[in-house]
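Protein chains: 2
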Amino acid sequence: MAAAEMPDDTADTAVETVQREMTAFARRARASAGRMHPELSLVSYTLLGHLEETDGCRATDLAAHYALDKSTVSRQVSALERAGLVERRPDPDDQRVQVLHLTEAGRRILAQVTESRRAAFRERLAGWPPEDLVRFAAYLERYNAWRGGPLGGDEDR
Amino acid sequence: MAAAEMPDDTADTAVETVQREMTAFARRARASAGRMHPELSLVSYTLLGHLEETDGCRATDLAAHYALDKSTVSRQVSALERAGLVERRPDPDDQRVQVLHLTEAGRRILAQVTESRRAAFRERLAGWPPEDLVRFAAYLERYNAWRGGPLGGDEDR
DNA sequence: TACCCCAAGTTGTACTCTGCAACCAGCGAG
DNA sequence: CTCGCTGGTTGCAGAGTACAACTTGGGGTA
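Written out as structure tokens, the structure reads:
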């Protein structure tokens with residue numbers, strides 16, 4: 090289907106649908122995330138996941154990535170540390186900085202939650218033809234890679 | 090591309106990508122929604138939108154649709170009513186029920202916020218070929234239409 | 001070196017959103 | 001009429017968040 094064959098209306102409707110569905114998803118994810126893993130909120134999980142990818146990052150980085158206030162990150166990290174999931178190490182190069190690392194327990198819990206989330210997603214996506222799955226994933230990546238506007242143009246990734 | 094040509098790994102990776110990207114979106118939407126329209130939270134906006142579609146629904150319906158506690162809905166509706174955006178009318182058939190309706194002001198505000206959100210999405214999706222847009226929208230609808238699991242199997246839509 | 005400004009993080013405070021539990025009020029069946 | 005169920009509200013508590021003020025350390029510049 091070429092662009093020329095498609096009326097503007099169709100694209101407009103698609104934009105609205107994307108908007109509506111993405112919003113619906115956001116609402117649901119928020120509502121259900123807490124219930125799935127009471128001991129690891131969506132934010133904590135996300136922060137933990139980020140730490141696994143970029144082991145040894147700073148609290149400020151997290152704040153920038155997730156458009157959170159540094160105080161929020163500070164408290165979240167405190168909670169995670171209290172729970173024994175992350176470690177704060179002083180940065181030898183800059184005494185102001187705390188380098189954050191996952192602990193073994195943190196890694197374990199994260200893997201566990203990731204697995205259960207993955208299972209849920211897999212179940213949810215079970216009926217999808219693989220090629221649709223791949224395309225859907227690509228669209229989402231493309232959507233989230235976008236920068237520069239009021240609707241999520243943060244520093245993530 | 091037929092399913093038979095695609096290794097399981099590819100589909101698995103796609104599932105993980107969908108999971109990761111959807112989660113990322115949820116986090117961002119949450120972070121940015123409040124900043125865009127301070128006077129209309131994401132939940133309020135969603136409820137208002139729902140009321141526009143199904144004018145004259147009950148608070149319990151909203152709670153069921155959005156997997157929210159009825160107390161939460163009650164308070165949200167109270168706030169919206171205080172703001173003059175919705176009206177509670179007694180149901181003549183059942184005195185327990187309050188039928189919710191958008192007011193003129195509510196309709197106006199909703200249209201305004203919708204427009205600004207739409208503009209943001211449109212900007213974000215500006216570079217997309219229309220046929221990709223349509224396919225993306227279809228995937229999202231399909232994803233959100235799913236029911237039955239711990240990851241959002243609520244009654245919505 | 002001394003001073004100044006900026007950056008990283010913490011803490012105090014306040015507000016919103018949320019769920020749970022307890023409660024009230026109206027409906028309908030026996 | 002009484003009992004149980006449903007729709008809704010309210011009290012309470014906890015999580016998440018932002019903003020502002022503050023502390024500490026780094027890096028220039030005079």
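Respectively, the protein sequence lines represent chains S and E.
With positions in the first sequence counted from 1, the corresponding number in my numbering is that position plus 89.
With positions in the second sequence counted from 1, the corresponding number in my numbering is that position plus 89.
Glycine is no exception: its CB is placed at the ideal position from the N, C-alpha and C atoms.
A quick note: this is a predicted structure, and the numbers were derived from the prediction, not measured.
- Taking the beta carbon of S/Q108 as reference, the chain E residues within 7 Å of it are R206, R207 and F210, listed in sequence order.
- In the DSSP assignment, S/L131 falls within the unbroken alpha helix (DSSP H) covering L131 to E142.
- Minimum Cα-Cα distance from S/R197 among the listed residues S/Y134, S/A100 and S/S167 corresponds to S/Y134.
- Per DSSP, the continuous alpha helix (DSSP H) segment holding E/D150 begins and ends at A148 to Y155.
- Look at E/L174 here: in three-state DSSP terms it is coil, with no helix or strand label.
- DSSP lists S/R147 and S/R178 as the bridge partner or partners of S/V188.
- Any Cβ of chain E closer than 7 Å to the Cβ of S/L137 would place that residue at the interface, and such an atom is absent.
- With respect to chain S, the C-beta atom of E/L229 has a partner C-beta closer than 7 Å.
- Inter-residue distance for S/F225 and S/R185 is about 42 Å (C-alpha atoms, whole angstroms).
- Assigned with DSSP and collapsed to three states, E/D221 falls in helix.
- Partner residues in the beta bridge of S/D183, as assigned by DSSP, are S/D180.
- Any Cβ of chain S closer than 7 Å to the Cβ of E/L214 would place that residue at the interface, and such an atom is present.
- DSSP places E/D101 in the helix class (H, G or I) of the three-state scheme.
- One thing to note: S/Q165 has its Cβ no nearer than 7 Å to the Cβ of S/L140.
- For S/D180, the closest C-alpha among the options S/G173, S/V132, S/L131 and S/L189 is that of S/L189.
- In this structure, the CA atom of S/A152 is about 6 Å from the CA atom of S/V162.
- If you look at E/A208, you'll find it in the alpha helix (DSSP H) that goes E193 to R213.
- With 16 or more other CB atoms across the displayed protein chains lying within 10 angstroms of its CB, S/R213 is buried.
- Using a 10 angstroms sphere on the CB of S/Q201, the tally of other CB atoms stays under 16, which defines it as exposed.
- Contact annotation, S/L229 with E/A100: C-beta distance approximately 15 Å; criterion of less than 8 Å not satisfied.
- At a cut-off of 7 Å between beta carbons, E/L222 contacts chain S.
- Residue-level contact by beta carbon holds for S/A103 and chain E, with a gap shorter than 7 Å.
- Among the residues of the stretch 135-162 of chain E, those with a Cβ less than 9 Å away from any Cβ of chain S are T135, G138, Y155, A156 and L157, in the order of the chain.
- Comparing C-alpha distances from S/G195 to each of S/D182, S/R171, S/W217 and S/R207 shows the shortest one belongs to S/R171.
- Among the residues facing chain E, S/A226 is included, as its CB has a counterpart in that chain under 7 Å away.
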